[in-house]
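Respectively, the protein sequence lines represent chains Z and X. Take the first sequence: its position 80, counting from 1, is numbered 130 in the numbering used here, and each next residue is one higher. Take the second sequence: its position 66, counting from 1, is numbered 67 in the numbering used here, and each next residue is one higher. Quick reminder that beta carbons are idealized off the backbone N, C-alpha and C, glycines included. The structure displayed is predicted, hence computed values, not measured ones.
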Amino acid sequence: MRHLLSAGDLSRDEANHVLDTAQELARISGRSVKKFPTLRGRTVVNLFYEDSTRTRTSFELAAKRMSADVINFSAKGSSVAKGESLKDTALTLQAMGADGIAIRHGASGAAHRLSTWVDGAVLNAGDGTHEHPTQALLDVFTMRERMGSLEGLRVTIVGDVLHSRVARSNVLLLHTLGAEVTLVAPPTLLPVSVGTWPCSVSYELDGVLPHSDVVIMLRVQAERMQDAFFPSAREYIRRYGMDGERVAKLHDDAIVMHPGPMVRGMEVTAEVADSPRSTVTEQVTNGVSVRMAVLYLLLGGSESAIGN
Amino acid sequence: MCAQKRAESDAHTNADGSRNQDRSHDARAVLEGPEIHRALTRIAHEILERTKGGGDITLLGIPTRGVPLAKRLAERIHRVEERSVPWGALDITMYRDDLHLAPARAVGRTEIPSDGIDGSIVVLVDDVLFSGRSVRAALDALNDLGRPRAVQLATLVDRGHRQLPIRADYVGKNLPTSLRETVTVTLEETDGEDAVLLGPTRSRSSQGEDQ
């Protein structure tokens, strides 16, 4: 049916269609009235099993700007806390006539499972360590705005690849759009399957930096780490943290991205985070435009324009 | 407007794959280059006359083909009055009332002159006036952009069959049509040639798509 479950499901044309649509929608943000009647009468549910203020608010704002009705359903304090299963929640939402469901879940594959139970469009807003396609779309959108074309762009993704759905979605989407991706991480923070991903891998950040146009710093997901993946935070910062010295190794136009939330002093220093190279706040703004585009393309017409 | 008609003819073609070719053979040109030129020149003069010199008008074309028409009108007014007239594009995709009837359309570009539209006389420009629903959507879109002093409507062709109480202030050519006929406007800027083509009468089986 019509869902957005994986960044890998998007063809080059579809991905560009989303980005172009987002670009037009971004122009509206400068207007005094930022609202369209486009999705009037449609209901979008934000089904969040994990806390994520940023992504949830972004989806909510995107849906509201297009006049959809928005229901926020968080696991805390809901029937989920009472023990309701995902399937029963899905059937409840189905009965309430949800046209689109943005789901964030701690289990990889939850979005896909949900899509088999409901008629509405399912948007994967992050499932476990699997994927986060709208984050990849907004990252790519930000790169396109800053760097122009994606073809041949050298993108380096640094940090906790193992626990990162952002990394996987970005690798797939960037590959589709013709960029070259290099993952940089300690060997302990790389998934076993990384050899099958369409990208190259390095353990040394310093050697890769001079050949990078874009550097995406991943958050170190301490809450997901049950084992010791690196000796100490200090050692991680020394080898994989982005500071002023490392930024100096980049060429003049290169940018530093971070999906947020940022732990200043861990992945990036405050100096880098506040520099003009950092796109962290731009990414948040672009997130709303990209999610509007996705909602419009999935729910706006009689049938979906993407992800079929 | 034209996007809508295009979508309809696409649906039409899908229903009967061979028709598309037939149409290009059977289509009859009702207006050709020089006539379109003359019609636009006349509309430009009418706009100037009605707005008493066009001191505070803004021309907004409805994509796709309304935009080059708005540009041409602005150039003609410039030639006559030796004063530049702001013109732009007003995309109505997000305001259509038939979005749920077809696959999601590509969002077009809205370009409003830097001075905005507050207090000005906005002349909407479209290629074909048909049901009037595009114009209604354009009025909604305008509402979100500002508060013009007045809104007027200029169209190259008025083919009738209105579904809403909407009427054009400036018309290039009134073209009484049957609902089973198609009207296609081609312009130099978008299609390489200026023409208004009246397509063949459709078979009864595909009539419903005209609505």
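Cα-Cα separation between residue i and residue j, rounded to whole angstroms
| i | j | result |
| --- | --- | --- |
| residue 62 of chain X | residue 202 of chain X | 29 Å |
| residue 159 of chain Z | residue 175 of chain Z | 12 Å |
| residue 186 of chain Z | residue 205 of chain Z | 13 Å |
| residue 73 of chain Z | residue 341 of chain Z | 11 Å |
| residue 157 of chain X | residue 264 of chain Z | 49 Å |
| residue 279 of chain Z | residue 285 of chain Z | 11 Å |
| residue 114 of chain X | residue 89 of chain X | 6 Å |
| residue 231 of chain Z | residue 81 of chain Z | 36 Å |
| residue 136 of chain Z | residue 164 of chain Z | 8 Å |
| residue 129 of chain X | residue 76 of chain Z | 29 Å |
| residue 155 of chain X | residue 200 of chain X | 23 Å |
| residue 216 of chain Z | residue 173 of chain Z | 15 Å |
| residue 64 of chain X | residue 127 of chain X | 8 Å |
| residue 101 of chain Z | residue 61 of chain Z | 30 Å |
| residue 242 of chain Z | residue 197 of chain Z | 32 Å |
| residue 162 of chain Z | residue 54 of chain Z | 9 Å |
| residue 203 of chain Z | residue 194 of chain Z | 10 Å |
| residue 93 of chain Z | residue 147 of chain Z | 7 Å |
| residue 40 of chain X | residue 50 of chain X | 15 Å |
| residue 320 of chain Z | residue 352 of chain Z | 47 Å |
| residue 37 of chain X | residue 187 of chain X | 11 Å |
| residue 56 of chain Z | residue 182 of chain Z | 7 Å |
| residue 28 of chain X | residue 195 of chain X | 14 Å |
| residue 283 of chain Z | residue 292 of chain Z | 13 Å |
| residue 229 of chain Z | residue 121 of chain X | 47 Å |
| residue 133 of chain Z | residue 171 of chain Z | 25 Å |
| residue 271 of chain Z | residue 213 of chain Z | 7 Å |
| residue 47 of chain X | residue 329 of chain Z | 51 Å |
| residue 67 of chain X | residue 85 of chain Z | 24 Å |
| residue 127 of chain Z | residue 91 of chain Z | 27 Å |
| residue 249 of chain Z | residue 234 of chain Z | 11 Å |
| residue 168 of chain X | residue 70 of chain X | 18 Å |
| residue 208 of chain X | residue 104 of chain X | Caution applies to residue 208 of chain X, whose pLDDT of 42 falls short of 50 and renders its modelled position unreliable; the value that the coordinates give is listed next. Rounded to whole angstroms, residue 208 of chain X to residue 104 of chain X spans 20 Å at the Cα level. |
| residue 152 of chain Z | residue 281 of chain Z | 37 Å |
| residue 168 of chain Z | residue 336 of chain Z | 29 Å |
| residue 140 of chain X | residue 115 of chain Z | 19 Å |
| residue 156 of chain Z | residue 240 of chain Z | 19 Å |
Rounded distance between the beta-carbons of residue j and residue i, thought under 8 Å
| i | j | result |
| --- | --- | --- |
| residue 59 of chain X | residue 87 of chain X | 5 Å |
| residue 180 of chain Z | residue 218 of chain Z | 7 Å |
| residue 176 of chain X | residue 159 of chain X | 7 Å |
| residue 125 of chain Z | residue 118 of chain Z | Actually they do not touch by this definition, with Cβ atoms about 22 Å apart. |
| residue 251 of chain Z | residue 227 of chain Z | In fact, because the Cβ distance is near 20 Å, the residues do not count as touching under 8 Å. |
| residue 138 of chain X | residue 97 of chain X | 5 Å |
| residue 91 of chain X | residue 142 of chain X | 6 Å |
| residue 65 of chain Z | residue 188 of chain Z | That belief does not hold up - the Cβ atoms of residue 65 of chain Z and residue 188 of chain Z are roughly 12 Å apart, past 8 Å. |
| residue 83 of chain Z | residue 145 of chain X | 4 Å |
| residue 104 of chain Z | residue 237 of chain Z | No, residue 104 of chain Z and residue 237 of chain Z are not in contact; Cβ-Cβ is about 30 Å, not under 8 Å. |
| residue 107 of chain Z | residue 333 of chain Z | About 14 Å separates the two Cβ atoms, so there is no contact after all. |
Per DSSP, the bridge partner or partners of residue i
| i | result |
| --- | --- |
| residue 174 of chain X | X/158 |
| residue 207 of chain Z | Z/233 and Z/266 |
| residue 197 of chain X | X/32 and X/186 |
| residue 94 of chain Z | Z/120 and Z/150 |
| residue 112 of chain X | X/90 |
| residue 319 of chain Z | Paired residues: none, contrary to the question. |
| residue 307 of chain Z | Z/266 |
| residue 181 of chain Z | Z/177 |
| residue 103 of chain X | According to DSSP, which records beta bridges pairwise, residue 103 of chain X is partnered with nothing at all. |
| residue 314 of chain Z | Z/318 |
| residue 251 of chain Z | Z/233 |
| residue 333 of chain Z | Partner(s): none; residue 333 of chain Z has no beta bridge. |
Cβ of residue i within 7 Å of any chain A Cβ
| i | result |
| --- | --- |
| residue 252 of chain Z | In summary, chain A is missing from the structure at hand, where the protein chains are Z and X. |
Selection of the segment 94-127 of chain Z by Cβ proximity to chain X, strictly under 9 Å: Taking 9 Å as the Cβ-Cβ cut-off against chain X, the residues of the segment 94-127 of chain Z that qualify are 116.
Scan the segment 97-126 of chain X for residues whose Cβ lies nearer than 8 Å to a Cβ of chain Z and list them as they occur along the chain. 100, 101, 102, 103, 104, 105, 106, 107, 108, 109, 110 and 111
Is it the case that the segment 197-213 of chain Z contacts the segment 251-262 of chain Z, given that we only count it when at least three CB pairs across the two stretches are under 8 Å? yes
Between the segment 71-79 of chain X and the segment 85-97 of chain Z, do at least 3 Cβ pairs fall closer than 8 Å? The segment 71-79 of chain X is not in contact with the segment 85-97 of chain Z.
Closer than 9 Å, Cβ to any Cβ of chain Z: which residues of the segment 141-156 of chain X, in chain order? 141, 142, 144, 145, 146 and 147
Name the residues in the segment 330-353 of chain Z whose C-beta lies less than 7 Å from a C-beta of chain X; which are they? For the segment 330-353 of chain Z, which is checked against every Cβ of chain X, the residues closer than 7 Å are 346, 347, 350, 351, 352 and 353.
Taking one C-beta from the segment 139-153 of chain X and one from the segment 174-183 of chain X each time, how about it: are there three or more such pairs within less than 8 Å? no
Touch check for the segment 64-71 of chain Z and the segment 341-350 of chain Z: three-plus C-beta pairs under 8 Å? A contact between stretches requires three or more CB pairs, one per stretch, nearer than 8 Å, and the segment 64-71 of chain Z meets this requirement with the segment 341-350 of chain Z.
Using Cβ-Cβ distances below 7 Å, what residues of the segment 182-211 of chain Z are close to chain X? Per Cβ criterion, the list is empty.
Which residues of the segment 62-77 of chain Z have a Cβ closer than 8 Å to any Cβ of chain X? Give them in chain order. 67, 70, 71, 74, 75 and 77
At a cut of 8 Å, does the segment 286-301 of chain Z reach the segment 315-325 of chain Z through at least three beta carbon pairs? yes
Closer than 8 Å, Cβ to Cβ, to anything on chain X: give me those residues from the segment 315-331 of chain Z, in chain order. For the segment 315-331 of chain Z, which is checked against every Cβ of chain X, not one residue is closer than 8 Å.
With three or more beta-carbon pairs closer than 8 Å as the criterion, would you say the segment 325-335 of chain Z touches the segment 297-305 of chain Z? yes
Relative to chain X, which residues along the segment 275-294 of chain Z have a C-beta separation below 9 Å, given in chain order? none
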